[in-house]
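Protein chains in written order, with full-length UniProt numbering: chain W, 1 to 526; chain F, 1 to 526. All C-beta atoms, glycine included, are put in the ideal place defined by N, C-alpha and C. Below you'll find the structure, written out as structure tokens, and then a few comments.
In structure tokens:
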């Protein structure tokens with residue numbers, strides 16, 4: 001496949017801007033082939049208007065046709081073969097095995113949404129039939145279902161160039177919902193993005209979807225993204241990235257003439273609470289588990305464990321020492337870009353500038369470009385509680401251990417926490433009984449609670465919540481992973497006393513889609 | 001029952017403020033007995049902290065106990081007898097029959113949420129069981145359900161002193177979800193609010209709910225409401241009222257250190273499209289139906305029909321004439337307050353100031369205090385399309401008829417519209433066939449679409465949507481009426497690899513609550 005560096009305005013390729021940029025191989029610092037055209041405001045506008053024009057036709061596609069489209073995207077992603085993986089490796093420094101796994105995850109995600117759409121019950125159809133002789137007034141016939149919002153703007157993430165990017169979970173769930181999408185490619189992997197966009201456009205063509213159901217715009221500047229968010233025809237935004245980026249989109253969206261929802265997943269420190277019984281019983285295992293989770297993907301996961309909280313004890317000291325040993329033997333890894341490496345270094349420097357924070361151990365320094373060593377720090381819970389800022393995410397392989405004087409102080413640390421994506425408890429049954437309150441506290445702070453596990457690795461399924469209270473996200477009532485993610489892009493509409501022929505299929509008497517429906521309060525499939 | 005004028009900080013009555021205010025009988029202009037204490041910031045703070053303190057205990061109540069609490073509120077509302085209705089009549093000038101009907105609606109709403117909670121499936125439990133031998137990695141056990149957000153701030157509405165006020169739909173749905181509430185009473189009916197608050201506090205005591213599950217604060221100033229919205233422990237806000245009021249709360253909530261969702265229902269002009277076949281076939285019936293809907297509650301309904309769109313024709317002229325005749329025989333009605341009457345007068349004056357807007361007819365002028373006549377205006381669609389502002393709600397019994405030159409212009413009017421709560425189409429089967437596009441356009445503009453009916457009268461059920469795109473609401477993905485309203489006050493949390501004993505009952509293997517659950521993608525009740 002020959003890269004063109006152009007944007008996809010629907011199926012049309014354009015490069016009208018005078019600004020171009022190139023991708024950089026983070027492992028070498030070399031510029032990669034092909035200049036990419038930064039999208040102009042006019043190009044963004046054309047993409048959104050094409051999405052708007054496609055909306056009604058796309059929304060009216062049968063469930064089967066929409067499912068076939070999603071599956072075809074997956075097929076086209078595989079048809080890109082090794083070329084996709086090679087370009088992506090050179091843009092991200094992520095290894096081939098990881099990227100092939102990520103492609104598998106991405107296509108499985110598309111298949112999951114295809115199944116969801118094909119099964120059809122996700123529209124939450126509700127029918128309250130008429131009661132003409134009700135006193136004092138007749139009850140009308142009222143039927144409700146979820147309908148798609150309209151064109152959606154989506155921002156690719158840096159750290160998952162496939163699974164949270166152009167054909168990632170946001171795109172898959174918005175397309176599944178019936179919303180056309182305009183994707184802003186992440187500027188760290190524009191070539192990967194163009195290849196994936198080509199796959200989507202090709203799938204749309206092959207399955208007869210309207211032109212404009214998908215567009216991709218490239219750019220390094222804030223303006224390209226803002227042009228999407230501020231366009232009056234955009235009805236919602238999906239984003240995965242930094243707090244600063246997500247918050248800027250959220251604020252801009254709220255200040256529009258017509259505010260729109262922004263589903264921004266902005267990261268988290270994913271606190272891990274080690275309860276005393278677990279620390280005594282399996283300190284060794286915990287040390288290797290934690291360090292394994294910490295190092296995964298050079299720490300560049302939204303669910304990377306950035307905080308480990310334990311009570312002061314000999315066993316805790318031993319555990320910390322064991323973690324330190326493992327970290328000290330860890331080779332440096334190459335980060336996604338020089339900017340991300342600089343931020344990591346600034347983040348760990350900021351941590352060490354806090355009174356009471358000490359380094360426990362660091363990995364082997366690497367000689368390569370943009371390589372960073374893993375680092376473990378420690379501090380007393382008193383110091384953690386006494387100053388703010390120690391809870392902030394450091395994006396990369398860094399963990400701060402917070403040592404509490406005992407149960408009460410550990411609970412105080414938990415209570416002080418802001419919103420995160422996940423929290424994890426390691427404990428025995430006896431620990432859990434004693435620390436019951438900890439679960440209650442953490443339930444209010446996160447979207448996912450784990451027991452005796454590690455937060456990295458976000459399962460894609462019906463029950464996953466990848467989300468959480470602010471500032472982990474701007475939309476704590478949603479998830480960006482799993483089938484629940486589709487709910488972000490729909491809203492309920494009800495039809496009162498509508499003739500059968502004018503009702504959507506999902507709401508007609510004879511249930512032509514054979515879906516589960518709530519009929520007069522009873523869940524039925526007939 | 002003796003009114004005290006005090007606030008309820010949980011079950012404790014306090015009146016610490018130095019500012020007091022009194023209710024006014026809108027029909028006479030007389031001050032009503034009892035001065036009410038404007039809540040201080042400290043009182044609001046105490047109410048929120050009591051709500052926070054009550055949260056965990058309240059959330060842990062069994063479904064049955066929470067349902068009994070909701071039902072007990074209804075019982076206590078009836079136990080207030082005629083005294084409630086009399087005070088409410090004197091504060092609102094609404095007739096006894098209407099208020100008794102509204103009390104019935106309010107208690108039915110509480111019962112509906114009690115049933116919902118008792119049945120229990122609303123928590124949307126999802127279980128993906130572990131697959132330990134999955135390749136390349138085992139699948140963990142993941143279980144998701146909706147959990148309550150925390151303390152919720154609720155604002156009573158002026159126009160439904162019972163059904164959308166202290167014990168109204170917002171309170172009922174928040175309490176059903178498991179959230180303690182702090183209600184800001186609407187200052188036009190503080191006595192009614194105190195009585196209803198007493199009923200709720202009494203129900204909470206009788207059913208053993210924790211103190212602080214409910215508080216009521218009084219006040220006429222913006223500060224009291226803002227103190228609720230800005231309190232760090234408030235997690236969401238429910239509001240029914242004006243655009244200005246709702247927008248101010250929305251903006252304040254988004255600018256908090258931790259932004260929170262605001263579910264503000266801010267009104268609408270509820271356009272009614274009269275298609276040619278219907279106008280020919282039943283012009284007379286339409287005229288009386290429309291005027292009946294217009295006059296209901298002196299036009300003080302969120303769903304009042306403020307816009308009527310029809311094509312130019314002899315029949316349309318006759319229909320308009322018939323509406324005019326009916327309106328001219330309509331006696332004036334007393335509005336809820338002098339302020340609301342002044343706004344109505346300003347609104348109709350604003351309408352007539354637009355070039356091209358003519359008055360068609362007005363009702364009989366009343367001599368009584370705060371009485372206003374109904375009014376019908378007309379304008380050409382060209383004038384409607386050519387200037388902005390004609391679409392804005394005039395709160396009260398006023399309707400603007402927009403006369404289009406034909407189908408294309410009618411569709412253009414629909415396309416130009418912003419978000420509303422409802423839109424109505426009157427037509428024959430042949431009309432619907434010809435105006436299919438109109439349905440598609442309106443689906444994007446409203447929460448409820450009606451066919452051959454009138455928007456006033458919002459059915460409380462499983463399928464109702466009382467909501468719609470901005471500026472009808474600040475939260476188009478929600479409804480404030482019907483069982484779906486509970487979703488506003490919850491968010492999803494998932495539990496990964498949790499031991500059975502530490503899981504919420506809804507997620508345990510043997511389904512102790514006997515609810516519908518999505519297990520590995522299949523909906524099951526076992």
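| Check | Outcome |
| --- | --- |
| Give the secondary structure of residue 135 (chain F) by DSSP, where H, G and I count as helix, E and B as strand, and everything else as coil. | coil |
| Terminal residues of the continuous alpha helix (DSSP H) containing residue 232 (chain W)? | First-last for residue 232 (chain W): undefined, no H or E at that position. |
| The beta strand (DSSP E) spanning residue 265 (chain F) covers which residue range? | 262 to 265 |
| Of the residues that make up the region 436 to 455 of chain F, which ones have a beta carbon closer than 7 Å to any beta carbon in chain W? | 439, 440, 443, 444, 447, 448, 449, 450, 451, 452 and 453 |
| From which residue to which residue does the alpha helix (DSSP H) around residue 14 (chain F) run? | From DSSP, residue 14 (chain F) is part of no alpha helix (DSSP H) but of the beta strand (DSSP E) over 12 to 14. |
| From what residue to what residue does the beta strand (DSSP E) around residue 128 (chain F) run? | 125 to 128 |
| 8 Å is my cut-off, CB to CB: does residue 29 (chain W) come that close to chain F? | no |
| Taking the alpha carbon of residue 467 (chain F) as the reference point, which residue from W:493, W:487 and W:342 has its own alpha carbon closest? | W:493 |
| With burial defined as no fewer than 16 other Cβ atoms inside 10 Å of the residue's Cβ, what is the status of residue 170 (chain W): buried or exposed? | buried |
| Scan the region 476 to 501 of chain F for residues whose Cβ lies nearer than 7 Å to a Cβ of chain W and list them as they occur along the chain. | 476, 477, 479, 484, 491, 492, 493, 494, 495, 496, 497, 498 and 499 |
| Please state if the CB of residue 51 (chain F) and the CB of residue 113 (chain F) are separated by a distance shorter than 8 Å. | no |
| Considering only C-alpha positions, which residue in the set W:28, W:122, W:282 and W:338 is nearest to residue 148 (chain W)? | W:122 |
| Give me whichever residues DSSP pairs with residue 9 (chain F) in a beta bridge. | F:12 |
| Find the nearest neighbour of residue 371 (chain W) within the set W:477, W:335 and W:137, judged by alpha-carbon distance. | W:335 |
| Residues of chain F with CB closer than 8 Å to the CB of residue 464 (chain W), please, in chain order. | 128, 142, 144 and 494 |
| Under DSSP, the alpha helix (DSSP H) around residue 280 (chain F) begins and ends at which residues? | 276 to 295 |
| For residue 147 (chain W), return the contacting residues in chain F, with the cut-off set at a CB-CB distance below 9 Å. | 443 and 444 |
| Using a Cβ-Cβ cut-off of 6 Å (strictly less than) and excluding sequence neighbours within five positions of residue 174 (chain F), which residues of its own chain qualify? | 152, 181 and 489 |
| Can you name the residues of chain W whose CB is closer than 8 Å to the CB of residue 56 (chain F)? | 440 |
| Would you say residue 459 (chain W) faces chain F, with C-beta separation under 8 Å as the test? | yes |
| Give a yes or no on whether the C-beta atoms belonging to residue 143 (chain W) and residue 127 (chain W) are separated by under 8 Å. | yes |
| Can you tell me which of the three DSSP states residue 184 (chain F) falls into? | strand |
| Output, in chain order, the set of chain F residues within a Cβ distance shorter than 8 Å of residue 258 (chain W). | 418, 419, 469, 470 and 471 |
| Span of the beta strand (DSSP E) holding residue 439 (chain F)? | From DSSP, residue 439 (chain F) is part of no beta strand (DSSP E) but of the alpha helix (DSSP H) over 436 to 443. |
| Exposed or buried, which one is residue 129 (chain W) when buried takes at least 16 other CB atoms within 10 Å? | exposed |
| Can you tell me whether residue 60 (chain W) is buried or exposed? The criterion is at least 16 other CB atoms within 10 Å of its CB, across all chains shown. | exposed |
| Find the nearest neighbour of residue 416 (chain F) within the set F:326, F:526, F:382 and F:188, judged by alpha-carbon distance. | F:382 |
| Is the beta carbon of residue 204 (chain F) sitting closer than 8 Å to the one on residue 166 (chain F)? | no |
| So what does DSSP say about residue 353 (chain W), is it helix, strand or coil? | helix |
| List the residues of chain W that residue 254 (chain F) touches, going by C-beta distances under 7 Å, in chain order. | 254 |
| Mind checking the region 511 to 525 of chain W against chain F and listing, in chain order, the residues whose C-beta falls within less than 7 Å of any C-beta there? | 516, 518, 521 and 523 |
| For chain W, is any of its Cβ atoms less than 8 Å away from the one on residue 107 (chain F)? | no |
| Just the Cα atoms here: how many angstroms apart are residue 200 (chain F) and residue 221 (chain W)? | 55 Å |
| Between residue 374 (chain F) and residue 308 (chain F), how many whole angstroms is the CB-CB distance? I'm expecting something under 8 Å. | With 8 Å as the limit, residue 374 (chain F) and residue 308 (chain F) do not qualify as a contact, their Cβ atoms being about 13 Å apart. |
| Classify residue 162 (chain W) as helix, strand or coil using the three-state DSSP reduction. | coil |
| Which two residues bound the contiguous beta strand (DSSP E) that contains residue 399 (chain F)? | 398 to 404 |
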